[in-house]
């Protein structure tokens with residue numbers, strides 16, 4: 003997750019996670035789990 007966050011311009015993973023959840027309406031973990039079912 004650190005590398006993804008940094009690749010898109012976030013220095014803190016927590017900031018990326020918050021933005022992801024706000025935009026997608028689910029956590030990144032929930033998103034990955036749902037996509038791989």
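In this note's numbering, the protein residues as written are 3 to 39. Glycine residues also receive a C-beta, built at the ideal position from the N, C-alpha and C atoms. Bear in mind the structure is a predicted one, so any value in this text is a computation, not a measurement.
Can you list the alpha helix (DSSP H) stretches of 4 or more residues lying completely in the segment 9–35, in chain order?
15–26
Close-in-space but distant-in-sequence residues of the same chain around residue 4 (CB under 7 Å, 5 per side omitted)
Position 2 of the chain shown, counted from the start, is the residue given in the question as residue 4. The answer, listed in chain order, is 15.
In whole angstroms, give me the CA-to-CA distance for residue 27 and residue 19.
By 1-based counting over the chain shown, the position of residue 27 is 25. By 1-based counting over the chain shown, the position of residue 19 is 17. Approximately 11 Å, taken between the alpha carbons.
Compute the Euclidean distance between the alpha carbons of residue 12 and residue 38, then round it to the nearest angstrom.
Taking the chain shown and counting its residues from 1, the one referred to as residue 12 is at position 10. Taking the chain shown and counting its residues from 1, the one referred to as residue 38 is at position 36. Their Cα atoms are separated by approximately 25 Å.
So, at 7 Å on beta carbons, what are the nonlocal neighbours of residue 23 in its own chain, with the 5 sequence-adjacent residues on each side left out?
By one-based count along the chain shown, residue 23 stands at place 21. Excluding positions up to five away in sequence, the list reads 29.
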